[in-house]
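Colleague: Here it is: the structure, laid out below.
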Amino acid sequence: MRLVKTLILGILVAASAPGLLGQTPPKPAAPAAGKPAKKSTTKKSAKPVEAATPAPEGEQEGVSRGSRRDPFESLVGRQQAAAAASKNLPPGKAGLQVSTLRLDGIVKSANGMIAMVTNPQSRTYFLREGDQLYDGKVEKIAMDGVSFHEMGKDAFGKPVERQVNKRIYSSGAGDQQ
Numbered sequence: 001m002r003l004v005k006t007l008i009l010g011i012l013v014a015a016s017a018p019g020l021l022g023q024t025p026p027k028p029a030a031p032a033a034g035k036p037a038k039k040s041t042t043k044k045s046a047k048p049v050e051a052a053t054p055a056p057e058g059e060q061e062g063v064s065r066g067s068r069r070d071p072f073e074s075l076v077g078r079q080q081a082a083a084a085a086s087k088n089l090p091p092g093k094a095g096l097q098v099s100t101l102r103l104d105g106i107v108k109s110a111n112g113m114i115a116m117v118t119n120p121q122s123r124t125y126f127l128r129e130g131d132q133l134y135d136g137k138v139e140k141i142a143m144d145g146v147s148f149h150e151m152g153k154d155a156f157g158k159p160v161e162r163q164v165n166k167r168i169y170s171s172g173a174g175d176q177q
């Protein structure tokens, strides 16, 4: 029993020592401008303190090398790839993603049908049949909806093409949106 207490005490002391377990010792304050630095009157310890080593590439701050992965995180990393791709989208219609569009209205004009869509940033765009988007193309615009041809990749990187229909619903007198 005494041996167990000694081991636990030793572990606690080692964990609280600066320089161990990823902790860095506190740095001395920088002298104020115009004032000479005072000499320290305390004795330095005989044992030098370890310098903080930079974390290897790929390791995040606060995450140790032996930490376990998040069991709920996708192994394929599909969400991270989608987020990274959405940051570098081209401006205008060429940067619109079919899955994020909201169909707001459809207008019949002399030149054909025009679809009014909104992106997640609440910007409105006017699309015509044949317009090229970031991950698809506008196939057909009708009075009740728009048909898109979406080109993407599945979870394993295999190219997938599918037809996406976005419908516009008329709101009656008592309907709420």
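For the sequence shown, the numbering used here begins at 1 and goes up steadily by one. Quick reminder that beta carbons are idealized off the backbone N, C-alpha and C, glycines included.
1. How far does the beta strand (DSSP E) with residue 178 in it reach, from first residue to last?
2. Verify whether the separation of the beta carbon atoms of residue 150 and residue 98 is less than 7 Å.
3. Measuring alpha carbon to alpha carbon, tell me which residue in 145, 155, 158 and 92 is nearest residue 108.
4. Can you list, in chain order, the residues of its chain whose CB lies under 8 Å from that of residue 160, leaving out five sequence neighbours each side?
5. By alpha-carbon positions, which one of 124, 90, 69 and 162 ends up nearest to residue 136?
6. Which residue or residues does DSSP assign as beta-bridge partners of residue 158?
7. Rounded to whole angstroms, what's the CA-CA distance from residue 120 to residue 11? Just pull it up for me.
8. In whole angstroms, what separates the C-alpha of residue 139 from that of residue 158?
9. Please give me, in chain order, every unbroken run of the alpha helix (DSSP H) with length at least 4 that falls completely inside the segment 96-122.
10. Under the three-state reduction of DSSP, which class applies to residue 148: helix, strand or coil?
11. Output yes or no for whether 7 Å exceeds the beta carbon distance between residue 116 and residue 105.
12. Is it right to say residue 8 is buried, meaning 16 or more other beta carbons lie within 10 angstroms of its own, or is it exposed?
13. If you compare alpha carbons, which of 125, 74, 70 and 111 is closest to residue 94?
Modeller: In brief:
1. In the structure as shown, the chain starts at 1 and stops at 177, and residue 178 therefore has no counterpart that could be examined.
2. Within the sequence shown, residue 150 is the residue found at index 150, counting from 1. Within the sequence shown, residue 98 is the residue found at index 98, counting from 1. Yes. Within cutoff.
3. Along the sequence shown, read from residue 1 onward, the residue named residue 108 stands at position 108. Nearest of 145, 155, 158 and 92 to residue 108, Cα basis: 145.
4. For this step, residue 160 is matched to residue 160 along the sequence shown. Contacts found: 151, 152, 153 and 154.
5. The residue you call residue 136 lines up with position 136 of the sequence shown. The shortest Cα separation from residue 136 among 124, 90, 69 and 162 belongs to 162.
6. As a first step, residue 158 is located in the sequence shown; it is residue number 158 there, counting from the start. Answer is none; residue 158 lacks a bridge partner.
7. Along the sequence shown, one-based indexing puts residue 120 at 120. Along the sequence shown, one-based indexing puts residue 11 at 11. If I take the Cα positions, the gap works out to 52 Å.
8. Locating residue 139 in the sequence shown gives position 139, counting from the first residue. Locating residue 158 in the sequence shown gives position 158, counting from the first residue. One alpha carbon belongs to residue 139, the other to residue 158, and they sit about 23 Å apart.
9. none
10. For the purposes of this step, residue 148 is taken as residue 148 along the sequence shown, with counting starting at 1. Note: residue 148 maps to strand in three-state DSSP.
11. Along the sequence shown, read from residue 1 onward, the residue named residue 116 stands at position 116. Along the sequence shown, read from residue 1 onward, the residue named residue 105 stands at position 105. In this structure, residue 105 lies closer than 7 Å to residue 116 by Cβ.
12. Taking the first residue of the sequence shown as 1, we reach residue 8 at position 8. Per the 10 Å Cβ criterion, exposed.
13. Indexing the sequence shown from 1 puts residue 94 at position 94. Considering only alpha carbons, the answer is 125.
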